[in-house]
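Shown next, in the form of structure tokens:
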């Protein structure tokens, strides 16, 4: 009798759910472990004002579009409802263990070539492989200065709505979350300031009334021309950075060189005098904040939109290669460089809609699983030699797609050749 392989998925957020359904659709036995009582991950805990910044037309699981009556940019609650309907429609609950925190995963063999021992709720279970989908937006990163503030101090992960804040509000961080929090406070008539340490090209959600990614004449152009034309259209839509009091000049106007920050309302409220801009913080004492231009201001609330640490608390750090606080990955950012039968789903953020990324990564992983079940060994080492390992999470989508395409070509070759005949090729960087 042939062996029945089983795979463990850690996390029932959007990435873990996409992995669970995709694997099971392909006939691969998989179980999902979720420490919370329901699926959906961070969507259940994000701030109330959150909406998707990518349109619903591209932001959905494979074969499961968002409801037709949803707005173009669904709210946090609508996304939660959509995730729940996905789980219900495909009866994924039957394969999810709730209230099940993964405590430790241990490789069987030096690199996991014999599978993985997974400890959950004090019990050890053996799996032939593990897909890590625990997310990278849950462990708040706070600067040391945060401890010096004596007013209300909240990281964006703990912020829900303006009932938690009072008085003069300072928002630290000007990514998508920071902009949303500043707008939320300003719209409720709080005296609001946002810290911008450097310039940023802000992007509108729509151009000509259409989502940017859906403009047909742009998508038909080569990548370099797309970037240049988009810069022109953004300038025509939002104007020069000098039009917004206090806005620092961007270091670059090349959209590929900076994470996309998509927000129309921040600029609106800056021009209406409801949001002020300050440079970097140099010191905090009690409720007084000193900025790099020498100015000082007292605040009652600071909202820290300062990002998150990437953490894998169930996996010994020394088993992975880390750089800049992120594990190195190859093969579409799914495969660690020196562990077997372990993959990441969602530890990548190719710019644009994320839902299709999770499904595409899992389909790629399924191909590697199939090869391993046929006896192929050391895929992690093979791709570590063939490709330059990726350190980023945010990445230009076409660069990520090039790497995905190359990985599929390599898997095509491995499928058609015996493993003894295969010689890895020179590493490629994108």
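Numbering (UniProt numbering), first residue to last: 1 to 430.
We put the CB at the ideal spot given by N, CA and C, even for glycine.
Note that the structure is predicted; figures quoted are calculated from it, not measured.
Using a Cβ-Cβ distance cut-off of 8 Å, the stretch 122 to 138 and the stretch 30 to 42 are in contact, since at least three pairs of beta carbons, one from each stretch, lie closer than that value.
Between the beta-carbon of residue 256 and that of residue 396 there is about 5 Å, and that keeps the pair under the 8 Å contact cut. The beta-carbon distance between residue 327 and residue 336, rounded to whole angstroms, is 6 Å. This is short enough to meet the 8 Å contact definition.
Here the C-alpha atom of residue 193 lies approximately 48 Å from the C-alpha atom of residue 385.
Fewer than three Cβ pairs drawn from the stretch 59 to 68 and the stretch 212 to 228 lie within less than 8 Å of each other, which leaves the two stretches out of contact.
Rounded to whole angstroms, the gap between the alpha carbons of residue 134 and residue 12 is 8 Å. Assignment of residue 363 by DSSP, reduced to helix, strand and coil, places it in the helix class. Using a 10 angstroms sphere on the CB of residue 208, the tally of other CB atoms stays under 16, which defines it as exposed. Residue pairing of residue 350 in beta bridges, as defined by DSSP: 395.
Taking C-beta atoms as the reference points, residue 302 and residue 414 fail to come closer than 9 Å. Close CB contacts of residue 368 within its chain, under the 6 Å cut and outside five residues either way in sequence, are with 379 (chain order). For residue 86, there is no enclosing beta strand (DSSP E); the enclosing alpha helix (DSSP H) has its first and last residue at 76 to 89. Counted as a single uninterrupted DSSP element, the stretch harbouring residue 115 is not any beta strand (DSSP E), since DSSP gives it neither H nor E. Pairwise C-beta distances place the stretch 47 to 54 out of contact with the stretch 83 to 100, as fewer than three of them are shorter than 8 Å. Between the stretch 269 to 279 and the stretch 228 to 238, the count of Cβ pairs shorter than 8 Å is below three; the stretches do not touch.
For residue 385, no beta strand (DSSP E) segment is defined; the enclosing uninterrupted segment is the alpha helix (DSSP H) at 379 to 386.
When secondary structure is reduced to three states using DSSP, residue 148 falls in the helix class.
Cβ contact annotation for residue 250 (same chain, cutoff 7 Å, sequence separation greater than five): 199, 200, 201 and 241, in chain order. In the pairwise beta carbon analysis, the stretch 153 to 173 is classified as not touching the stretch 24 to 34: fewer than three pairs are separated by under 8 Å.
Around the beta carbon of residue 324, fewer than 16 other beta carbons lie within 10 angstroms, which makes this residue exposed. In this model, residue 270 and residue 50 are separated by some 20 Å (Cα to Cα). From the listed residues 116, 117, 110 and 121, the smallest Cα separation to residue 97 is found for 121.
The beta carbon of residue 408 sits closer than 8 Å to those of 364 and 367, all from its chain and outside the five residues before and after it, given in chain order.
Within the stretch 181 to 267, the beta strand (DSSP E) runs of at least 3 residues that lie entirely inside it are, in chain order, 192 to 195. With a cutoff of 9 Å on beta-carbon distance, residue 196 and residue 129 are scored as not near each other. Counting only the Cα atoms, residue 188 lies some 12 Å from residue 168.
In the three-state reduction of the DSSP assignment, residue 331 falls in the coil class, being assigned neither a helical nor a strand state. Each residue's CA atom was taken as its position, placing residue 387 and residue 24 some 29 Å apart. Its chain contains 328 as the residues whose beta carbon lies nearer than 8 Å to that of residue 322, once the 5 sequence neighbours on both sides are disregarded; these appear in chain order.
If you look at residue 14, you'll find it in the alpha helix (DSSP H) that goes 14 to 25.
Between the beta-carbon of residue 359 and that of residue 127 there is about 21 Å, and that puts the pair past the 8 Å contact cut.
Sorting 21, 29 and 10 by C-alpha distance to the C-alpha of residue 373 places 29 at the top.
Less than 9 Å separates the beta-carbon of residue 125 from that of residue 118.
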